[in-house]
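Chains as they are written, first to last, in my numbering: chain A, 38 to 400; chain B, 2 to 206.
Virtual Cβ for every residue (Gly too), placed ideally from N, Cα, C.
Remember, predicted model here, so these are calculated numbers, not experimental data.
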């Protein structure tokens, strides 16, 4: 699938739900990131001094800019942009496609964004996986366990690793009760389609707030069924990402053959609230760079045909011969014959002779 | 087919025995030859040997679905994998070791030689102790003897090598044993196969 076609398909999909395309400058005031460090995944940002002396940054993130510029109510946007982030000690250019819905986020708005995530993935592979978790529910369960901040952080890390031996070790060290350990073990064991998973998680809920989270998840499951995604989305509580960013439902998408999540998103009401806007927000980003790296069809040749010609060849006839082949759908590279071998790799190489006809070339 | 990365060496051989006993035998793996990849005749499992510290890389990047790896590697490299089971094989401890009469002078920067710089750094950071990490690739015991470092952070199984060199374990940082890990994305796509293997291994523990 060509990148261009995929881009158009995604644009079509999002516009079908009334999302507007959001375009933005590559630069942003550095202050935005300085004030919202908690919401950035990586610390390092490329900064520079603008002509007027103000400090600017190359965007490491799109969501912050969208929330900053949103007027307040009812924004549904999609974007196709490049961000600049530090990855393993070097700055990288990362291409992202994303969707953000800002405003009064009810069950419909939430379901719509999750459905768009699933439908984006389905454009890439029938066999996509979309997993969903709920940060608030994990919060509630951990709060009920009365852990120290350090042990709480450790417990979160262990949930993210589905780390059963680690949970047992915490019990052995007296940092976790066996009852709480059983809860955590059951929690990390849940991996099932949404409805089934919610039923399993129901056994772990101990207080009214946890029940409320499950009721909301159940409402989300209803919505997703209405969007035609019954049984397509799994519940998996090991998706614990940066807790500061997300505040409710979070989700990640996977494709066969790509060893990293290709899509990631969730509910992030804390960000607009922090900026003084009384709205909710939910969105996701699809990592286009990963798709290019893993899903692009491998090319084996630079062109189909390498056409070489000698000093005596009739060049205008050569040009029209090559044009005829190209109009037949082949890629043709013409090169003056030389003693050095050509640096390109072509499926076939033939030497041009005056009078040769396109039918005589076997490709 | 489930793809298993095994660590070369004794731990890997014992892990293979555990897998064979759990119903994932692959007789060709025992033949002495230079082959790198082994499949059982029914094609339910494919094994390959990797350098122990590389196993988690194969698993993390999806070239293997599951792998057997020491917890020391997981603590040092922090790969994005699920740690599903403690196989209770290859048990040892990650220790701070030093001369028998070692005294930690708080006024001095502590010099620590190790193959595990992240584990060492994290441990001393948790105790707010400034250290100078000296990263070595082998024969760590030599460092305090020739004055390269004050102490070492290393795996200790019986303590015999340490004792022969007049060194002794001073503090335990973590208990280590072999872990059954799986790739986070592999889990999504081969969930039931991977859990079947984990359950079969767990039954024999």
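Backbone CA spacing between residue 394/A and residue 358/A [nearest angstrom]: Their Cα atoms are separated by approximately 7 Å.
Alpha carbon of residue 11/B to alpha carbon of residue 199/B, nearest angstrom: Residue 11/B and residue 199/B have their alpha carbons spaced roughly 21 Å apart.
Using 9 Å as the limit for Cβ to Cβ distance, is residue 380/A near chain B? Residue contact check for residue 380/A against chain B: no CB pair falls below 9 Å.
Can you give me the C-alpha to C-alpha distance between residue 182/A and residue 217/A, rounded to a whole angstrom? Each residue's Cα considered, the two are about 7 Å apart.
Quick one: what's got a C-beta closer than 7 Å to residue 54/A's C-beta in the same chain, skipping five residues either side? Here residue 54/A has 149, 153 as same chain residues with Cβ atoms under 7 Å from its own Cβ, once five neighbours each way along the sequence are excluded.
Please state whether the Cβ-Cβ distance between residue 228/A and residue 273/A is less than 9 Å. Less than 9 Å separates the beta-carbon of residue 228/A from that of residue 273/A.
First and last residue of the uninterrupted beta strand (DSSP E) at residue 100/B: Its beta strand (DSSP E) spans residues 93-100.
For residue 68/B and residue 78/B, believed in contact at Cβ under 8 Å, the rounded distance: Contact flag wrong, Cβ pair sits at about 13 Å.
Which listed residue (332/A, 355/A, 314/A, 303/A) has its alpha carbon closest to that of residue 322/A: Nearest option by C-alpha distance: 303/A.
Helix, strand or coil for residue 85/A, going by three-state DSSP, please let me know. The three-state reading of DSSP puts residue 85/A in strand, counting E and B together.
Contact between the region 143-160 of chain B and the region 95-108 of chain B is defined here as three or more beta-carbon pairs at a separation below 8 Å; is this criterion met? They touch, by the three-pair rule.
Any chain A beta carbon closer than 9 Å to residue 18/B: Contact of residue 18/B with chain A is not assigned, every C-beta pair being separated by 9 Å or more.
Which partner residues of residue 50/B appear in the DSSP bridge assignment? The partner list for residue 50/B (beta bridge, DSSP) reads 7/B.
Identify, in the order they occur along the chain, each residue of the same chain with its Cβ nearer than 7 Å to the Cβ of residue 403/A, setting aside the five sequence neighbours on each side. Chain A is shown from 38 up to 400; residue 403/A falls before or after that span and cannot be answered.
With a 10 Å radius around its C-beta and 16 neighbouring C-beta atoms as the bar for buried, classify residue 28/A as buried or exposed. There is no way to answer for residue 28/A, as the model of chain A reaches only from 38 to 400.
Please go through the same chain and pick out, in chain order, the residues whose beta-carbon is closer than 7 Å to the beta-carbon of residue 149/B, but skip the five residues on each side of it. Contacts found: 114, 135.
Could I get the ranges of all uninterrupted alpha helix (DSSP H) runs contained in the region 139-187 of chain B, with 4 residues as the minimum, in chain order? Runs of the alpha helix (DSSP H) inside the region 139-187 of chain B: 143-146, 161-165.
Reduced DSSP category for residue 13/B - H, G, I as helix; E, B as strand; rest coil: Residue 13/B: helix per DSSP, three-state reduction.
Between residue 80/A and the rest of its own chain, which residues show a CB-CB distance below 8 Å, the 5 nearest in sequence each way excluded? Within the same chain, residue 80/A has close Cβ partners 74, 123.
Roughly how many angstroms separate the alpha carbons of residue 38/A and residue 333/A, rounded to a whole number? Any reading at residue 38/A must be qualified, since the residue scores a pLDDT of 45, below 50, and its modelled position is unreliable; the value itself is stated next. Rounded to the nearest whole angstrom, the CA to CA distance from residue 38/A to residue 333/A is 7 Å.
Could you check whether the Cβ of residue 39/B sits closer than 9 Å to any Cβ belonging to chain A? False, the Cβ-Cβ gap to chain A never drops below 9 Å.
Ordered along the chain, which non-local residues of its own chain (more than five positions away) have a Cβ less than 7 Å from that of residue 246/A? Only 177 meet the Cβ criterion.
Between the CA atoms of residue 66/A and residue 102/A - distance to the nearest angstrom: Rounded to the nearest angstrom, the two C-alpha atoms are 10 Å apart.
Simplified DSSP state of residue 100/A, which is helix, strand or coil: Reduced to three states, the DSSP call for residue 100/A is helix.
Is it the case that the Cβ atoms of residue 157/A and residue 300/A are separated by a distance below 9 Å? Going by C-beta atoms, residue 157/A is nearer than 9 Å to residue 300/A.
Using a 10 Å radius around the Cβ and a threshold of 16 neighbouring Cβ atoms, would you call residue 89/B buried or exposed? Counting Cβ neighbours within 10 Å, residue 89/B comes out exposed, since fewer than 16 surround it.
According to DSSP, what are the bridge partners of residue 271/A? Its beta-bridge partners are 168/A, 230/A.
So which of 348/A, 313/A, 330/A has the shortest CA-CA distance to residue 72/A? Distance check between residue 72/A and each of 348/A, 313/A, 330/A places 313/A closest, using alpha-carbon atoms only.
Would you say residue 198/A reaches chain B, if we count a Cβ-Cβ gap shorter than 9 Å as a contact? Residue 198/A belongs to the set of residues whose beta carbon lies under 9 Å from a beta carbon in chain B.
Take every Cβ of the region 255-265 of chain A, pair it with every Cβ of the region 191-210 of chain A, and state whether three or more of those distances are shorter than 8 Å. Not touching, per the Cβ criterion.
Among the residues of its own chain, which have a CB less than 7 Å from the CB of residue 2/B, if the five just before and after it don't count? Excluding positions up to five away in sequence, the list reads 44, 45, 46, 47.
Interface partners of residue 192/B on chain A, CB under 9 Å: Result: 228, 271.
Would you give the residue range spanned by the beta strand (DSSP E) that residue 131/A belongs to? Run containing residue 131/A: 127-140, per the beta strand (DSSP E) assignment.
Against chain B, with Cβ distances strictly below 9 Å, would residue 141/A count as a contact? Output row for residue 141/A: interface = no.
Rounded to the nearest angstrom, how far is the Cβ of residue 137/A from that of residue 100/A, given a contact under 8 Å? Right, the Cβ-Cβ distance comes to about 6 Å (below 8 Å), so this counts as a contact.
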